[in-house]
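Structure first, then comments.
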Amino acid sequence: MKRALVTGATGQDGIYLTRLLLDKGYEVYGFVRGQSNPRIPALLDNAPGVKILKGDLTDQPSIIRAIEASQPDEVYNLGAISYVAYSWETAHLTSDVTGKGVLNVLEAIRLAEGKDSGRIRFYQASSSEMFGKVQQIPQTESTLLWPRSPYGVAKAFGHHMTINYRESYGMHASSGILFNHESPFRGQEFVTRKITSAVARISLGLQHELRLGNFDAQRDWGFAGDYVQAMWLMLQQDEPDDYVVATGEMHSVRDLLDISFARVGIDNWDRYVVQDSSFLRPAEVDQLLGDASKAQSVLGWKRETGFQELVEMMVDSDLQFYSVKG
Ligand code: GDD
Numbered sequence: 455m456k457r458a459l460v461t462g463a464t465g466q467d468g469i470y471l472t473r474l475l476l477d478k479g480y481e482v483y484g485f486v487r488g489q490s491n492p493r494i495p496a497l498l499d500n501a502p503g504v505k506i507l508k509g510d511l512t513d514q515p516s517i518i519r520a521i522e523a524s525q526p527d528e529v530y531n532l533g534a535i536s537y538v539a540y541s542w543e544t545a546h547l548t549s550d551v552t553g554k555g556v557l558n559v560l561e562a563i564r565l566a567e568g569k570d571s572g573r574i575r576f577y578q579a580s581s582s583e584m585f586g587k588v589q590q591i592p593q594t595e596s597t598l599l600w601p602r603s604p605y606g607v608a609k610a611f612g613h614h615m616t617i618n619y620r621e622s623y624g625m626h627a628s629s630g631i632l633f634n635h636e637s638p639f640r641g642q643e644f645v646t647r648k649i650t651s652a653v654a655r656i657s658l659g660l661q662h663e664l665r666l667g668n669f670d671a672q673r674d675w676g677f678a679g680d681y682v683q684a685m686w687l688m689l690q691q692d693e694p695d696d697y698v699v700a701t702g703e704m705h706s707v708r709d710l711l712d713i714s715f716a717r718v719g720i721d722n723w724d725r726y727v728v729q730d731s732s733f734l735r736p737a738e739v740d741q742l743l744g745d746a747s748k749a750q751s752v753l754g755w756k757r758e759t760g761f762q763e764l765v766e767m768m769v770d771s772d773l774q775f776y777s778v779k780g
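Its first residue numbered 455, the sequence shown is counted upward by one per residue in this note's numbering.
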């Protein structure tokens, strides 16, 4: 039986990945932060059988102990402060967790491997946010990074550190440059879920207004359930490498609003949606569009869920949730 250690196991991707690994027969350990993390019950409900190990990416001894306790064949580093807007308010903390946290995991693996380099396979959750002010359209694995937020800068550090440890020590360290990926498990702070939950609440008469920042931002939005397959595939390859994971389609925040409101039978969303400058960012990433040809040809990965299907899945899930919860 293979064993995996997943940091950030209580997040959206952590839940999908943990479930996927359990279904494949892995023994899965979730590395979870906090004294009484309120997200643990959701992880245990949705991925029964996962074993919880407590620790923090900024506390290296806790990572070393987690590796000792789990004896993993594969480590997936999904843990991060992941909300871009918040990273301006906590640039130091974001650098420590999202950036130096990666180094802490790499070093802990190197220590555990000793002379047997490459024995523990490592996945780093890199991000399309690293492309920031895009220098090429669409973005590939070799596009110049130009991050536009402390979060993007921290992810770029982790990305290069992963490549550096692979090249310096022969570690089996791979990086998935994932474009935005969403699901009903997405946090309410991100624009997709903020919109789908508000639309559900508006249609149920529980909310009357939705305040948003930049309506014109464009992203390459895919389904998280499809994207965790790519993570796993990367660690099944003989050679470690970097891969863009994306749909190759770009949509705007307006498109999200059109599809979400249409799903509940509202054609004209103007009367509910208000632009609020407090949600604008000090530096915006205007558009992201990924080219996942390498993941498709080398890993045999392809996305299954289209944009409209994804948004409607999220609206339906929120409708169900708020009909019960009120
Ligand atoms: N969150 C949020 N809230 N975003 C808004 C809003 C709002 O009210 N109004 C407009 N937006 C715009 C943001 O300015 C941004 O351009 C876009 O919607 C998407 O914002 P988020 O959903 O917060 O995601 P993100 O693109 O900043 O970051 C996500 O994707 C990255 C991959 O590119 C996060 O999941 C990151 O962790 C991930 O690395």
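Note that beta-carbon positions come from the ideal geometry of N, C-alpha and C, so glycine has one too. Note that this is a predicted model, so its numbers are computed, not measured.
Straight-line Cα distance separating residue j from residue i
i      : j      : result
Leu660 : Ser714 : 16 Å
Gly509 : Asn491 : 11 Å
Gly568 : Ala534 : 26 Å
Val504 : Gly754 : 28 Å
Leu764 : Arg757 : 11 Å
Arg530 : Pro495 : For clarity, residue 530 is Tyr in the given sequence; the question names Arg instead. When rounded, the distance between both Cα atoms is 21 Å.
Gln672 : Asp570 : 44 Å
His546 : Asn722 : 42 Å
Gln525 : Pro502 : 20 Å
Thr548 : Ala746 : 27 Å
Arg493 : Gly462 : 11 Å
Gly488 : Lys456 : 27 Å
His613 : Gly555 : 12 Å
Gln750 : Gln590 : 20 Å
Thr759 : Thr701 : 9 Å
Thr594 : Val778 : 43 Å
Tyr483 : Thr472 : 8 Å
Lys611 : Leu511 : In the sequence on display, residue 611 carries Phe and not Lys. Straight-line Cα distance between these residues: approximately 15 Å.
Val698 : Phe633 : 8 Å
N- and C-terminal bounds of the alpha helix (DSSP H) containing residue i
i      : result
Asn722 : Run containing Asn722: none; DSSP gives neither H nor E here.
Ile535 : Looking at the DSSP string, Ile535 is not in any alpha helix (DSSP H), and its letter there is neither H nor E.
Gly468 : Gln466 to Asp477
Lys609 : Pro604 to Tyr623
Ala458 : Element bounds for Ala458: not the alpha helix (DSSP H) but the beta strand (DSSP E), Arg457 to Thr461.
Arg665 : Here Arg665 belongs to no alpha helix (DSSP H); instead the beta strand (DSSP E) covers Leu664 to Leu666.
Val653 : Val645 to Ser657
Asp770 : Phe761 to Lys779
Val752 : Element bounds for Val752: n/a, residue is neither H nor E.
Asn500 : Ile494 to Asn500
Leu557 : Gly555 to Glu567
Glu522 : Gln514 to Ser524
Leu547 : Ala545 to Thr548
Ala684 : Ala678 to Leu689
Spatially closest choice to residue i from the options, by CA coordinates
i      : options                           : result
His662 : Gln691, Ala458, Ala652 and Leu507 : Ala652
Ile720 : Leu743, Val769, Thr472 and Ser777 : Val769
Asp670 : Leu710, Leu632, Pro694 and His635 : Leu710
Val682 : Ile649, Lys779 and Glu636         : Glu636
Ser541 : Glu643, Asn618 and Ala700         : Glu643
Gly572 : Thr472, Ala684 and Thr616         : Thr616
Leu734 : Leu511, Ile506, Leu599 and Asn668 : Asn668
Arg725 : Leu664, Phe633, Leu475 and Phe576 : Leu664
Glu543 : Pro736, Asp772, Lys748 and Asp740 : Pro736
Asp513 : Leu475, Phe775 and Val486         : Val486
Residue i beta carbon near the ligand GDD (any heavy atom closer than 7 Å)
i      : result
Asn634 : yes
Phe677 : no
Leu666 : yes
Glu583 : yes
Leu599 : no
Ala539 : yes
Ser646 : The question names Ser, but residue 646 is Thr in the sequence shown. Yes, Cβ of Thr646 sits closer than 7 Å to a heavy atom of the ligand GDD.
Ala671 : yes
Leu742 : yes
Val529 : no
Ser637 : no
Val739 : yes
Glu543 : no
Glu643 : yes
Ser536 : yes
Val559 : no
Val769 : no
Val588 : no
Val728 : no
Val707 : yes
First and last residue of the uninterrupted beta strand (DSSP E) at residue i
i      : result
Gly630 : Ala627 to Leu632
Lys587 : Looking at the DSSP string, Lys587 is not in any beta strand (DSSP E), and its letter there is neither H nor E.
Tyr483 : Glu481 to Val486
Ile574 : That residue, Ile574, is in no beta strand (DSSP E); it is neither H nor E in DSSP.
Leu507 : Lys505 to Lys508
Val699 : Asp696 to Val699
Residue i: CB within 7 Å of a non-hydrogen atom of the ligand MG
i      : result
Arg735 : The ligand MG is not part of the structure shown, which contains the ligand GDD as its ligands.
Should the region 675-694 be regarded as contacting the region 467-482, the criterion being three or more beta carbon pairs within less than 8 Å?
yes
Stretch pair the region 641-660 + the region 598-613: three plus CB contacts closer than 8 Å
no
Quick test of the definition: if touching needs 3 or more C-beta pairs under 8 Å, does the region 586-593 touch the region 516-535?
no
Would you call the region 686-696 and the region 726-743 touching, i.e. three or more CB-CB distances under 8 Å?
no
Using 8 Å as the threshold, is the region 612-627 in touch with the region 551-569, meaning 3 or more CB pairs across them?
yes
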